[in-house]
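Numbering (the numbering used here), first residue to last: 26 to 299.
Right, dumping it as structure tokens:
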């Protein structure tokens with residue numbers, strides 16, 4: 026039976042990463058459908074937001090230039106919302122697997138909590154669909170900090186998208202698909218690849234989550250009626266064996282993560298019903 030795959034992202038339906046991931050999945054003979062936000066929705070985590078007209082969520086057919094045979098839709102909604110309606114049959118038969126990405130920039134460390142790319146995967150997994158988040162480390166911490174300073178800098182970074190090695194991240198992700206489908210459905214594989222040709226990749230390693238992301242937000246200034254934030258590089262060294270350390274050493278990193286779980290090591294004894 027052919028695996029049914031939804032490819033989504035948080036960079037938007039026109040982003041190059043989603044086309045590379047969809048192409049790789051189609052080339053492996055998978056039954057692929059693409060549905061992604063009409064506009065960039067980075068940093069939305071697993072938000073459930075949508076744009077409605079006359080009580081209907083906005084959905085437009087959006088054929089991919091290089092994949093005319095793959096049905097593709099631009100949706101007026103967040104990545105998590107798109108994943109949720111997909112598993113309920115919004116874009117044809119529900120998918121068996123959700124592939125979210127390829128994100129423009131690494132999603133690493135505990136900062137994955139805020140990622141729309143990872144949020145879509147978490148939402149799919151919470152609703153009984155195996156899921157993987159895929160990202161390409163296209164920005165250094167310094168470049169990411171600079172890009173936050175203005176639209177012109179961010180736009181210049183996107184101009185270089187054609188030079189990025191999206192196919193490396195796509196190939197790593199599809200090679201990991203058997204491990205995803207063999208694992209527990211509630212777990213997500215978070216995959217990050219360095220921006221290198223596949224032949225220069227040192228390998229794929231299991232990485233732990235770094236205690237921070239590539240950059241951290243800080244409050245630069247606050248006053249009456251306003252707050253101004255900025256991004257800065259973490260002041261601490263990257264811990265060996267983490268996803269960020271592996272990327273820096275030229276490896277692709279994969280981490281098995283789970284969104285919402287109960288814990289048993291908090292003392293709640295003595296409450297009613299115990």
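Cβ coordinates follow ideal geometry from the N, Cα and C atoms, glycine included.
Asked, Found
"Beta strand (DSSP E) containing residue 200: first to last residue?", "Not the beta strand (DSSP E): residue 200 falls in the alpha helix (DSSP H), residues 191-200."
"Measuring straight from C-alpha to C-alpha, what distance separates residue 95 and residue 263?", "40 Å"
"With a 10 Å radius around its C-beta and 16 neighbouring C-beta atoms as the bar for buried, classify residue 42 as buried or exposed.", "buried"
"For a test of the three-state rule: what should DSSP assign to residue 127, helix, strand or coil?", "strand"
"Quick one: what does DSSP say residue 69 is sitting in, helix, strand or coil?", "coil"
"Can you look up residue 146 in the DSSP assignment and give me helix, strand or coil?", "helix"
"I'd like the span of the alpha helix (DSSP H) that includes residue 283, first residue to last.", "Note, residue 283: premise wrong, no alpha helix (DSSP H); not H, not E."
"Bridge partners of residue 86, per DSSP?", "98"
"Hey, quick one: how far does the beta strand (DSSP E) through residue 56 stretch, first residue to last?", "56-62"
"Are the CB atoms of residue 28 and residue 55 nearer to each other than 9 Å?", "yes"
"Under the three-state reduction of DSSP, which class applies to residue 74: helix, strand or coil?", "coil"
"Around the C-beta of residue 162, are 16 or more other C-beta atoms found within 10 angstroms, so that it is buried, or is it exposed?", "buried"
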